[in-house]
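Read left to right, the sequence shown gives residues 89 to 514 (the working numbering).
Every residue, glycine too, gets a C-beta built ideally from N, C-alpha and C.
Single-structure report; data block below.
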Amino acid sequence: MSRDEMRALQGKRLRETVERVYANTPFYRKKMQEMGIMPEDIQTVDDIVKLPFTVKTDLRDQYPFGLFASPMSEIVRMHASSGTTGKPVVAGYTRKDLGIWSEVLARTFSAGGCDSRDIFHIAFGYGLFTGGLGAHSGAERIGASVIPISSGNTEKQIQLMTDFGSTVLCCTPSYALYLAESIHKKGLQDKLKLRVGFFGAEPWTEEMRHEIEEKLRLKAFDIYGLTEIIGPGVSYNCSCQNGMHINEDHFLPEIVDPETLQPVAPGQVGELVFTTITKEGMPLLRYRTKDLTRLVYEPCECGRTNVRMEKIMGRSDDMLIIRGVNVFPTQIESVLLEFAEAAPHYHLYVDRVNNTDTFEVHVEMRPEFFSDNMSRMLDLKKRISARIQSVLGISAEVKLVEPNSIPRSEGKARRVTDKRNVYANK
Ligand code: AMP
Ligand code: ZN
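Right under this line is the structure:
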């Protein structure tokens, strides 16, 4: 589809969505009325800037069903994302929404070279979290054989994966690493038939991708999404593994400056915003994801014409401000994985002592490099600190910790402990 054809389709679907929410969602009708906008003011994709933004607190304020645009009799599924504080964010799906969801995931898996001959090991959590059931429906849609193992019980995961000959693994990148490590400990790597992995639900770096690909001997694809928009499958890597193609016939992306909320210049980094343009159950207008990335409109070598988003740098609310410097955990991850001695397991501790921010980076050593040779360890610490200083412009106290001492994650990893007052860094 050409860009012009895509924009025409998006414009038509945007109009339909705006009419739908104006008619069915009092929350949006009121917002639009307050702004003096009528549905007919929205004719093309360019008119999107006239529409109100939606933020996570709107979903919490409308808890549980205030943003649903379909009667409950048409809602066939609900999911929720808990976050760390407050009420969960709820999403409702009609039968048509579930069909679209499985379709965008089927695209994701096909783009990764998977088909009905594959055996999908789905180790995303099943339940209210969208990862498990989302990936499940896409894998069934391409006719693959699906193992709905869900998360946890790593021993069992490895047993079934080797016995059943799973060819595809779906989970968070941090859990993929944990599984890889456990498989290596058991010496079972030669028993694996995995060839492809779809990993997402949390930020991860290119360095982490290489690590996972090498350890599990598969090709690792990034898969992005969020509960509010649909779940996983909003965007996906093609075989070029260079940015994620957005399913923009369903989810219309924008990048805005998180401070001014104005669109950024093409190609600039900013906050990713989505408008769902085909959803019935819970359509959202200009939802601010807090995820930071940029859009790439240049054609992709794979031939797909839909726009790409770069790997997520981090969430604006994950960004630490340490002594005035903005730091994303993914930047630290990139630096650490430059060092052969460092395992891809780390934890960041931030605190404030005597009005000064303290910043400790705990990094786990790879067993083969861990030693009680103090001068060698000291030298490594210095080299890592110097690299953090030169890449991020901030000094950090590096602590090298023993192999296996940093807790492993079965779902989304928690890599930061910030003990400062909340107002100090938000
Ligand atoms: P949830 O709705 O609880 O699944 O969380 C969605 C959030 O997870 C997104 O807004 C992102 O911050 C993060 N996320 C999901 N997929 C990815 C990915 N592939 N890369 C980076 N972050 C991701
Ligand atoms: Zn591509």
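Could you please give the first and the last residue of the uninterrupted alpha helix (DSSP H) stretch that includes Gly99? Looking at the DSSP string, the run of the alpha helix (DSSP H) that includes Gly99 is Arg91 to Asn112.
Beta-carbon of Cys259 versus every beta-carbon of chain B: anything under 8 Å? Although the question refers to chain B, the structure presented lacks it and comprises just one protein chain.
Assumed close pair Leu306, Leu282 - CB separation to whole angstroms, cut-off 8 Å: 5 Å
Quiz: which residues have CB nearer than 6 Å to the ligand AMP non-hydrogen atoms: Ser169, Thr218, Gly288, Ala289, Glu290, Pro291, Asp310, Ile311, Tyr312, Gly313, Leu314, Thr315, Thr377, Asp379, Ile400 and Arg403
Do the segment 154-161 and the segment 123-139 touch if we need at least three Cβ pairs shorter than 8 Å? no
Pull every residue with its beta-carbon under 6 Å away from any heavy atom of the ligand ZN, and keep them in chain order. Cys326, Cys328, His333, Cys388, Cys390 and Arg392
Taking the straight line between their C-alpha atoms, what separation do you get for His435 and Arg502? 8 Å
Any 3 or more C-beta pairs closer than 8 Å across the segment 386-398 and the segment 431-449: With contact defined as three or more Cβ pairs closer than 8 Å, the segment 386-398 and the segment 431-449 are not in contact.
Within 10 Å of its beta-carbon, does Thr315 have 16 or more other beta-carbons around it, so buried, or fewer, so exposed? buried
Cβ pair Asn325, Phe309 closer than 8 Å: Yes, the Cβ-Cβ distance between Asn325 and Phe309 is below 8 Å.
Residues bridged to Pro341 [DSSP beta-bridge criterion]: Phe362
According to DSSP, is Lys303 part of a helix, a strand, or is it coil? helix
I need the DSSP call for Ser85, collapsed to helix, strand or coil. Nothing can be reported for residue 85, as the shown portion of the chain is limited to 89 through 514.
Using three-state DSSP, classify Val449 as helix, strand or coil. strand
C-beta atoms of His209 and Leu257 nearer than 8 Å: With contacts defined by Cβ atoms closer than 8 Å, His209 and Leu257 form a contacting pair.
Same chain only: Cβ atoms within 6 Å of Pro291, ignoring 5 sequence neighbours per side: Cβ within range, chain order: Ile400, Gly402 and Thr418.
Identify the continuous beta strand (DSSP E) that holds Tyr375 and give its terminal residues. Tyr375 to Thr381
What three-state label does DSSP hand Lys274 in the structure shown? coil
Can you find at least 3 beta carbon pairs, one from the segment 91-108 and one from the segment 348-368, that sit closer than 8 Å? Short answer: they touch.
Of the listed residues Gly200, Gly180 and Asp345, nearest to Gln329 (C-alpha basis): Gly200
Between the C-alpha atoms of Lys54 and Met126, what's the straight-line distance to the nearest angstrom? Residue 54 is absent from the model: the chain starts at 89 and stops at 514.
With DSSP collapsed to three states, give me the class of Thr145. In the three-state DSSP reduction, Thr145 falls in the helix class (H, G or I).
When burial is assigned at 16 or more other CB atoms within 10 Å of the CB, is Lys119 buried or exposed? buried
Reduced DSSP secondary structure (H/G/I, E/B, other) of Lys487: strand
Between the alpha carbons of Ile300 and Ser254, how many angstroms are there, rounded? 16 Å
With DSSP run on the structure shown, which of helix, strand or coil describes Ala199? helix
Taking the beta strand (DSSP E) that Ile210 falls in, what are its first and last residues? Ile207 to Ile210
contact_flag[the segment 190-197, the segment 368-383] where n(CB pairs < 8 Å) is 3 or more: no
Closer than 6 Å by C-beta to Ser170: which residues in its own chain qualify, once you throw out the five before and the five after it? Chain order, please. Pro176
Within 10 angstroms of the Cβ of Ser327, are there 16 or more other Cβ atoms? Answer buried if so, exposed if not. exposed
How would you label His272, buried or exposed, when you count the other beta carbons within 10 angstroms and need 16 or more for buried? exposed
With distances taken between CB atoms, is the gap from Gly321 to His167 smaller than 8 Å? no
By the 10 Å Cβ neighbour count, where 16 or more other Cβ atoms means buried, how is Leu466 classified, buried or exposed? exposed
Rounding to the nearest angstrom, what Cα-Cα distance links Ala512 and Asp439 in this structure? Reliability fails at Ala512, whose pLDDT of 44 lies under 50, so the model's placement of it is uncertain and no value is given.
Between Tyr116 and the rest of its own chain, which residues show a CB-CB distance below 7 Å, the 5 nearest in sequence each way excluded? Val109, Tyr110 and Leu373
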